[in-house]
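In mature numbering (1 follows the signal peptide of the UniProt record, and there is no 0), the protein residues as written are -27 to -1, 1 to 350.
Glycine included, each C-beta is placed from N, C-alpha and C at the ideal position.
Inspection log for the structure reproduced underneath, given as structure tokens.
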């Protein structure tokens, strides 16, 4: 489910650059190569054919990671090969100016929302499906540490792929036909700021902060720039194996669409699919987890809850919900994530509602099971 098309010349240049960097780095600091192989089992309770078969067990993805340094310079990248497609997750060079400041350039992670993830599950949290969790774009980012305060400032020219392509790892604004509506929007010129304060007292750890995002939306039909923004407050706390994540955010996509378009919704594309979302909404996340050490590694039990409340002019738009209950099992190089997903008016987890925050077509909650088996090297 989660997660392309590169030109041959781009692949060759990338390979040559990586090889040259690897040889130079090997002489100085070194290059680390790793990755994973993952397979996935899925069962949708609302799909009669899948239920008749007892679900499907398929190849998920092969990932390759490269991390290397050469003096103060560094390179970090991950490329993914999934069934029928391949794509970059991230790939950037960086310069470590000093112990407190790093500058990154390339496809890097946009600093927005809870650091790391606003989820514990393989399924991600609801903000992911709006492009606000584990999102990567093309641009520059500065990461600065000052005592317990971490500040990240980034500028992103656009997404990692063309707006008419849905293969980006996390959703971006989509330029194409979605559910019969033709969207002509492209995301561009994005600014991000995130500040997080890290507090620790014995076994208690707290990361609390805020995030801001502002960018433009270029419409190829009207040849005008609209704008978009998102703001969030977030906290990640841990104590004796327990973890609590809280986040509240608001976003708005204000596109300069041609006359006749419904401005209460917009098209997004990513993870191999495209769908519509409410153009303005609030998203609330509440996640709790407990990690238990074992003789073979650890088991983490969790419940991730997300709710989106549309804030548009059309009163027929409905709330969207996603709840994921699951466990993550870690044993050496093996990592397994077993999730029971419940969705209401939510893309990827309901039978009839392939959108987020639009009028609900289905009735109540739908359920599905997903188990991801990974070997990491």
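In the DSSP secondary-structure assignment, residue 169 is bridged to 123, 182.
Taking the CA atoms as reference points, residue 5 sits about 25 Å from residue 32. In this structure the segment 314 to 334 lies against the segment 282 to 299, because at least three pairs of beta carbons, one per stretch, are closer than 8 Å. DSSP places residue 248 in the strand class (E or B) of the three-state scheme. In this structure, the straight-line span from the alpha carbon of residue 245 to that of residue 61 is close to 13 Å. For residue 202, the closest alpha carbon among the candidates 195, 112, 104, 208 is that of 104.
Counting along the chain, the unbroken beta strand (DSSP E) around residue 209 starts and ends at 197 to 212. Nearest to residue 334 by C-alpha distance, out of 114, 290, 200, is 290. Shown here for residue 27: same chain residues with a beta carbon closer than 8 Å to its own, the five before and five after excluded, namely 16 in chain order.
In this model, residue 259 and residue 78 are separated by some 33 Å (Cα to Cα). Secondary structure at residue 333: coil, using DSSP grouped into helix, strand and coil. Among the bridge pairs identified by DSSP, residue 344 is matched with 14, 311. Annotation for residue 262: 93, 216, 273, 275 place their beta carbon closer than 6 Å to its own, counting only its chain and skipping 5 residues before and after. DSSP, reduced to helix, strand and coil, places residue 82 within a strand of the structure shown. For residue 284, there is no enclosing beta strand (DSSP E), as DSSP marks it with neither H nor E.
Between the alpha carbons of residue 83 and residue 76 lies a gap of roughly 13 Å. Three or more Cβ pairs closer than 8 Å define a contact, and the segment 124 to 141 meets that threshold against the segment 161 to 171. Across the set 57, 52, 73, the C-alpha of 52 shows the shortest separation from the C-alpha of residue 63. Annotation: the segment 37 to 98 contains the following complete segments of the beta strand (DSSP E) (minimum length 3 residues), in chain order: 46 to 55, 58 to 69, 74 to 82. With fewer than 16 other Cβ atoms inside 10 Å of its own Cβ, residue 271 counts as exposed. Going by C-alpha positions, residue 7 is about 7 Å away from residue 39. Between the C-alpha atoms of residue 153 and residue 321 there is a straight-line separation of about 19 Å. Where residue 227 is concerned, the enclosing beta strand (DSSP E) starts and stops at 215 to 227. Assigned with DSSP and collapsed to three states, residue 231 falls in coil, not helix or strand. Annotation for residue 311: 299, 300, 344 place their beta carbon closer than 7 Å to its own, counting only its chain and skipping 5 residues before and after. Setting aside the 5 residues that flank it on each side, residue 108 is surrounded in the same chain by 83, 143, each with a C-beta closer than 6 Å to its C-beta; the list follows chain order. Boundaries of the beta strand (DSSP E) around residue 238: 238 to 243.
In the structure shown, residue 110 adopts extended strand secondary structure according to DSSP, grouped into three states. When the alpha-carbon of residue 10 is set against those of 233, 145, 85, 307, the nearest one is in 307.
In the structure shown, residue 266 falls within a strand segment according to DSSP collapsed to helix, strand and coil. In the DSSP assignment, residue 24 falls within the alpha helix (DSSP H) that extends over 21 to 26. When DSSP states are grouped into helix, strand and coil, residue 129 belongs to the strand group.
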